[in-house]
Amino acid sequence: MDTSSSAIFTKNFAALLFDMDGTLLNSMAVVERVWGSWALRNGIDPVALMKVVHGVRAVDTIRALGLPVDPEQEARILAEAEIADVEGIVEIPGAVAFLKTLPPERWAIVTSAPLELAARRLEAAGIPVPRHMVTGEDVSVGKPDPQGYLLAAQRLGVRAEDCLVFEDAPAGVLAGKSAGAEVAVITGAHAAAAEMPHIMLSHYSDVEARLVEDGWLSLHRRRG
92 MDTSSSAIFT KNFAALLFDM DGTLLNSMAV VERVWGSWAL RNGIDPVALM
142 KVVHGVRAVD TIRALGLPVD PEQEARILAE AEIADVEGIV EIPGAVAFLK
192 TLPPERWAIV TSAPLELAAR RLEAAGIPVP RHMVTGEDVS VGKPDPQGYL
242 LAAQRLGVRA EDCLVFEDAP AGVLAGKSAG AEVAVITGAH AAAAEMPHIM
292 LSHYSDVEAR LVEDGWLSLH RRRG
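Letter by letter, the sequence shown follows residues 92 to 315 of our numbering.
Right under this line is the structure:
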């Protein structure tokens, strides 16, 4: 665990909100295969593309590239390819065990992925689909807009500013902060996450959550 993570152990939270890719599970291998192939077909540098795809909806990434294609159609093609390819998807260390300690009404996933893709990747990583999940289809504007995190907090019946958001990508971090939440960055999936100036955790293996008297959650370092 990064030493800069200590601040999250001094507060209680009404709920925990998690991004999915790079935060609960590592899907980098799939992203690089599918998006890399798509980039080459469209005359784009795959390495450059990898720097901008993380944490945002596919349709928003494609639209921002300004290509002479239908962004909605291309996003569907990419989603179908990603649904078919789950080889190498694994949980971020300790994620499954950590989630099992959380009451189902106290956490949610907020992902830019469409529902079918999200469910497929969670299954591949051995992570149960949560009771509450906001996907790319649930919002009119994707990350870095805070709409997804605000919607998740609303569904949980809590204020976003009383939540802790777990993220790994700049767009998601900005979305969480814009929603008013505390943000912790998970750094285990890709190196870029470690460059963000926020509370950092490399994984969940030595973190546990406990219910406090008001039904909120407090985080603690797991004793070895």
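No residue lacks a Cβ here, since even glycine has one placed at the ideal position from N, Cα and C.
Cβ pair residue i, residue j closer than 8 Å
i	j	result
Val249	Ala130	no
Gly271	Ala251	yes
Ile153	Ala166	yes
Val187	Leu108	no
Leu318	Asn103	The structure shown does not extend to residue 318, since the chain is modelled only from 92 to 315, so the question has no answer here.
Leu193	Ala98	no
Val220	Val177	no
Ser199	Arg246	The sequence shown places Ala at residue 199, rather than the Ser named in the question. Taking 8 Å as the Cβ cut-off, Ala199 and Arg246 qualify as a contacting pair.
Arg222	Pro195	yes
Pro237	Ser269	yes
Ile235	Ala275	Strictly speaking, residue 235 in this sequence is Pro, with Ile absent from that position. No, these two residues do not count as a Cβ contact at 8 Å.
Secondary structure of residue i, DSSP reduced to three states
i	result
Leu255	strand
Glu304	coil
Arg312	strand
Val143	coil
Ile290	strand
Val249	coil
Val264	helix
Val150	helix
Val232	coil
Which residues DSSP lists as bridging residue i, in chain order
i	result
Ala199	Leu108
Glu273	Leu255
Val181	Asn117
Glu299	His311
Asn103	Ser309
Val187	Answer is none; Val187 lacks a bridge partner.
Where residue i falls, given that 16 or more other Cβ within 10 Å makes a residue buried
i	result
Phe100	exposed
Gly263	buried
Leu255	buried
Leu140	buried
Val138	exposed
Asp136	exposed
His145	buried
Asp305	exposed
Proximity test, Cβ basis, 8 Å: residue i and chain D
i	result
Ala149	This model lacks chain D altogether; it includes just one protein chain.
Determine contact between the stretch 162 to 177 and the stretch 147 to 154, defined as no fewer than three beta-carbon pairs at a distance below 8 Å. yes
Mind the definition here: the stretch 233 to 251 touches the stretch 207 to 218 only if three or more C-beta pairs lie below 8 Å; say whether that holds. no
How about the stretch 104 to 118 and the stretch 170 to 182: do they share at least three Cβ pairs that are nearer than 8 Å? With the cut-off at 8 Å, the stretch 104 to 118 and the stretch 170 to 182 touch.
Three or more beta-carbon pairs under 8 Å between the stretch 252 to 261 and the stretch 221 to 230, yes or no? No: fewer than three Cβ pairs fall under 8 Å.
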